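Numbering (the numbering used here), first residue to last: 1 to 296. For glycine and all other residues, C-beta sits at the position ideal for the given N, C-alpha and C. None of these values were measured; they are calculated from a predicted model.
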Ligand code: SF4
Ligand code: SF4
Ligand code: SF4
């Protein structure tokens, strides 16, 4: 008889459990998976270090500084072994007409081609840019709908996917209001000389997304996208530290978060462009009353 692996077991168990009156079928499945297969394979333990104690990570992206160069997007792809078959990659950089607010295009087309990524070098008056990725939401809908516990929220703020528990049902993709998740339609093909040995390749049939560079940030490093941004549009840090750069930045009255009305509690804060003549169509949200008003 063919031996089931962890993922196949979860898939079968999910189907078998549907329609029965078990008290908490999802918990039973998750416990059974852990008991049968022990700790996750694929080096998940080494890849995902323990959450950092007393930390609450988050990011600030200053749209007044983003020049739309897409270096963050490309560096993220290399750092995280994102195959060319996943498009768009974890970061999408939207280009918008400054005068009208009309969205021009996002960053996928040039990433699909070979080496044609556009690298702008300075701010453009006629455009503005908005990078979007997983927000590592505090009340993440993707976590709530995941039937196997593969998507989970850690106390230091990161939303992680355990690829060994993912059965590829894609509920999370439907639930995410930010379009932040990608499905692996094919086996990953990353050229050998491009593979980052610190990050596992995700197999065909699982969902993936930005990890806030868990393999770096939990070891005291910045995310790769923060490191490469030439205009320092991105800042990553610990919101529990009152002296951190991120805490200082979100005191700025230009701060807002994506779709705040949904109460997902995104852990990425944006700063709008400073008021300029050609930006008058844009009305920034009112600033929060004080720093404690920000969910942490
Ligand atoms: S690297 Fe920085 S400036 Fe370039 S697109 Fe990304 S956030 Fe914007
Ligand atoms: S942005 Fe989407 S994928 Fe990321 S935590 Fe929020 S709901 Fe989940
Ligand atoms: S934090 Fe890491 S995984 Fe997330 S977008 Fe930036 S480089 Fe990619």
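- Task: Please report how far the alpha carbon of residue 60 lies from the alpha carbon of residue 166, in whole angstroms.
- Result: 29 Å
- Message: Beta-carbon within less than 7 Å of residue 228's beta-carbon, same chain only, minus the 5 sequence neighbours each way: which residues are those?
- Response: 71, 72, 75
- Item | Euclidean distance between Cα positions of residue 249 and residue 191 | 39 Å
- Item | residue 253 classed as buried or exposed, judged by whether at least 16 other C-beta atoms fall within 10 angstroms | exposed
- Query: Which residue from 211, 236, 186, 197 puts its Cα closest to that of residue 205?
  - Reply: 186
- Message: Quick check: what's the CA-CA separation for residue 65 versus residue 209?
- Response: 24 Å
- Tell me whether the beta-carbon of residue 134 lies closer than 9 Å to the beta-carbon of residue 181. yes
- Query: Given that a residue counts as buried once 16 or more other Cβ atoms are within 10 Å of its Cβ, and exposed if not, what is residue 98?
  - Reply: buried
- Query: For residue 263, is the classification buried or exposed, using 16 other Cβ atoms within 10 angstroms of its Cβ as the cut-off for buried?
  - Reply: exposed
- Task: Please list, in chain order, all residues of the same chain as residue 219 whose beta carbon is under 8 Å from its beta carbon, the five residues on each side excluded.
- Result: 49
- Message: Extract the residue ranges of the alpha helix (DSSP H) inside the segment 192 to 241, only unbroken runs of 4 or more that lie entirely within it.
- Response: 214 to 217, 224 to 228
- Query: Closer than 8 Å: is that where the CB of residue 197 sits relative to any heavy atom of ligand 1?
  - Reply: no
- residue 78 - containing alpha helix (DSSP H), residue span: 71 to 79
- Query: Is the CB-CB distance between residue 149 and residue 162 below 9 Å?
  - Reply: yes
- Message: For the pair the segment 227 to 244 and the segment 84 to 103, tell me if three or more CB-CB distances fall below 8 Å.
- Response: no
- Item | Chain-order list of residues whose beta-carbon lies under 6 Å from that of residue 141 (same chain, five-residue window excluded) | 175
- Is there at least one non-hydrogen atom of ligand 2 closer than 8 Å to the beta-carbon of residue 181? yes
- Simplified DSSP state of residue 159, which is helix, strand or coil: strand
- Message: If you reduce the DSSP assignment to three classes, tell me which class residue 248 lands in.
- Response: helix
- Message: On a Cα-Cα basis, can you pick out the residue from 171, 261, 251, 259 that is closest to residue 271?
- Response: 251
- Message: Comparing C-alpha positions only, which one of 132, 145, 154, 124 sits nearest to residue 138?
- Response: 154
- Query: Helix, strand or coil for residue 131 per DSSP?
  - Reply: strand
- Message: Between residue 143 and residue 132, how many whole angstroms is the CB-CB distance? I'm expecting something under 8 Å.
- Response: So it is not a contact: roughly 19 Å between Cβ atoms.
- Item | Other residues of its chain near residue 231: CB distance less than 6 Å, five sequence neighbours each side excluded | 65, 67
- Three-way DSSP call (helix, strand, coil) for residue 110 in this model: Its pLDDT being 46, under 50, residue 110 is placed unreliably by the model, and nothing is read from it.
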